[in-house]
Structure formats: C-alpha cells, structure tokens
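Participant: FYI, the numbering for the sequence shown is 0 to 191, going by numbering that gives the first Met the number 0.
Could you have a look at this structure, given as structure tokens, before my questions?
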Amino acid sequence: MRKSENLEQVLPGMYVYADGLVSSEIIPNRQIKAVVGYVAEGKVYAVCLKETELPWSSDRLLVPETKTMISGKEATKKILETAWAQGKKAEAAQWCHDYAQDGVKSGEAFLASLYEWEILLANKDAINASLKRLGGATLFQSYWLSNEYNSHNSRRLTLIHDCYYIYGKSSCYYIYGKSYDNYVRPVISFEL
0 MRKSENLEQV
10 LPGMYVYADG
20 LVSSEIIPNR
30 QIKAVVGYVA
40 EGKVYAVCLK
50 ETELPWSSDR
60 LLVPETKTMI
70 SGKEATKKIL
80 ETAWAQGKKA
90 EAAQWCHDYA
100 QDGVKSGEAF
110 LASLYEWEIL
120 LANKDAINAS
130 LKRLGGATLF
140 QSYWLSNEYN
150 SHNSRRLTLI
160 HDCYYIYGKS
170 SCYYIYGKSY
180 DNYVRPVISF
190 EL
C-alpha cells in the first residue's frame with residue numbers, strides 16, 4: 000500500500016492512517032486516526048474516532064466573529080484566542096484543539112462549522128459504516144458547531160430530531176445553551 004496521491008481516489012468512508020496513508024482497507028498493525036468525510040478544494044476532511052460531552056463554554060464566552068465563519072479550523076482558532084485573552088473557558092474548542100489520540104497530534108483537530116457538518120452529513124452513511132467496522136462511536140448525537148449564536152447560546156447539529164432546511168439541504172441545526180454539555184466530535188483536514 001502507498002499513500003494515495005490523487006484526491007479523486009479519496010472517498011468518504013476511507014481510513015486515514017497516522018502515517019499519512021488513506022485506504023479503503025483496515026490494515027492490521029497500522030494506526031487509523033480518522034475516517035474521511037469529504038474532499039473539497041484540494042483538502043481531505045476527516046472525522047476523528049472519539050467524541051466526548053462538554054459545554055461549548057461554561058463561561059458563556061462571546062465570539063461573534065464565528066457566527067458566519069465556514070472554516071471550523073479558523074473559527075476554533077478565533078474561539079481559543081478570545082478565550083485565552085479573556086481568561087475564559089471554551090471547553091469544546093479546547094478539547095478539539097488538544098485532541099491527541101489515535102495518531103492525531105495536538106493542534107491538528109478542530110471544532111467543525113455548520114457548513115462543514117452539512118457536507119459531512121451528506122456522507123454520513125459511508126462514515127458510519129467505517130466507524131462501525133472499527134467499533135467506534137457512529138455519528139448519531141447532537142454535536143457542537145464552531146458557529147456561535149449569541150452570548151448565551153451556540154449552534155449544534157443534531158442527528159436525532161426533526162430537521163430544518165438550511166443551505167439548500169435538510170439540516171438538523173438548533174440553538175443550545177453554551178454552558179450545557181453536548182457532544183463534541185473533532186475533525187481534521189489536510190492536503191495530500
């Protein structure tokens with residue numbers, strides 16, 4: 000097996016290995032770090048294997064710039080810079096940033112945006128099939144987004160309730176209190 004060199008060969012549900020290999024196969028004795036969600040603009044976006052429950056910000060951190068950001072990586076960076084500057088907590092973004100499991104390096108993962116989750120959801124079946132083969136938690140919960148709503152609430156995407164219509168697609172987007180626990184699922188992106 001060799002590292003995939005063509006983005007057209009990378010499909011949702013493929014495995015991303017810690018050594019950079021992207022493959023549709025589970026290879027014994029090699030560390031899988033994520034599952035491909037989609038490919039866009041020359042980058043692969045992949046869902047990490049683990050999730051947790053945390054508040055978006057127990058201090059109700061206000062970061063209005065993130066409301067319309069489509070890059071979760073940039074929004075996560077903005078959330079953390081604001082939290083550090085104000086001495087406040089941003090638990091969901093911090094956990095994603097600090098995520099260092101299954102071969103993912105600290106600082107590599109981020110809290111995905113609504114835009115990114117919308118695209119991931121289009122490939123949910125392929126992602127979940129691969130996560131299931133690994134014995135990991137499938138995408139089934141309500142997940143924090145990097146997009147804030149206001150000082151008391153942030154946005155979350157839920158896969159277990161009726162959905163609204165957003166960005167021309169069926170979406171399960173809701174507003175939820177920042178200080179309440181909700182699921183957090185890190186995402187990584189990289190160029191091949």
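The beta-carbon is built from N, C-alpha and C at its ideal position, and this holds for glycine as well.
Note that the structure is a prediction, hence the values are computed from the model and not measured.
Beta-carbon within less than 7 Å of G167's beta-carbon, same chain only, minus the 5 sequence neighbours each way: which residues are those?
Facilitator: Residue confidence is low: G167 scores 47 on pLDDT, short of 50, so the model does not pin down where it sits. Its coordinate-derived value is still stated next. Closer than 7 Å at the Cβ level, and outside the excluded window around G167, lies no residue.
Participant: Looking at the structure shown, is Y179 part of a helix, part of a strand, or coil, going by DSSP?
Facilitator: Three-state DSSP puts Y179 in coil, outside helix and strand.
Participant: Since E50 contacts A136 with CB under 8 Å, what's their CB separation in whole angstroms?
Facilitator: With 8 Å as the limit, E50 and A136 qualify as a contact, their Cβ atoms being about 6 Å apart.
Participant: Whole angstroms is fine: what's the gap from A121's alpha carbon to M68's?
Facilitator: One C-alpha to the other measures close to 20 Å.
Participant: Decide yes or no for the touch test of the region 30–37 against the region 60–78: beta carbon pairs closer than 8 Å, at least 3 of them.
Facilitator: Not touching, per the Cβ criterion.
Participant: Just to confirm, is the Cβ distance from I78 to A92 under 7 Å?
Facilitator: Yes, the pair counts as a contact, with Cβ atoms nearer than the cut-off.
Participant: What are the complete alpha helix (DSSP H) segments, minimum 4 residues, inside the region 21–102?
Facilitator: 71–85, 90–97, all fully within the region 21–102.
Participant: Rank G12, D101, G71, S56 by C-alpha distance to the C-alpha of N28 and give the top, closest one.
Facilitator: With distances taken between Cα atoms, N28 lies closest to D101.
Participant: Rounded to whole angstroms, what is the Cα-Cα separation between A74 and N127?
Facilitator: Cα-Cα distance, rounded: 26 Å.
Participant: Between the alpha carbons of V38 and N152, how many angstroms are there, rounded?
Facilitator: Each residue's Cα considered, the two are about 30 Å apart.
Participant: Could you tell me whether the Cβ atoms of G36 and S129 are closer together than 7 Å?
Facilitator: Result no, Cβ atoms of G36 and S129 do not sit closer than 7 Å.
Participant: Buried or exposed: G134, going by 16 or more other Cβ atoms within 10 Å of its Cβ?
Facilitator: The residue is exposed, with fewer than 16 neighbouring Cβ atoms inside 10 Å.
Participant: I'd like the span of the beta strand (DSSP E) that includes Y16, first residue to last.
Facilitator: That run of the beta strand (DSSP E) goes 14–16.
Participant: Using CA atoms only, rank isn't needed, just tell me which of Y142, Y173, S56 is closest to V46.
Facilitator: When only C-alpha atoms are compared, the closest one is Y142.
Participant: Tell me whether Y114 sits in a helix, a strand or coil according to DSSP, three-state version.
Facilitator: Here Y114 sits in helix by DSSP.
Participant: Ignore the nearest five residues each way along the sequence and tell me which others in H155's own chain have a CB closer than 7 Å to its CB.
Facilitator: For the sequence presented, residue 155 should be read as Arg rather than His. S141, Y142, W143, L144, Y173, Y175, N181.
Participant: Select from P54, K104, Y114 the residue whose C-alpha is nearest the C-alpha of K87.
Facilitator: Nearest of P54, K104, Y114 to K87, Cα basis: P54.
Participant: Using only the alpha-carbon positions, how far apart do K104 and S150 sit?
Facilitator: For K104 and S150, the distance between alpha carbons rounds to 31 Å.
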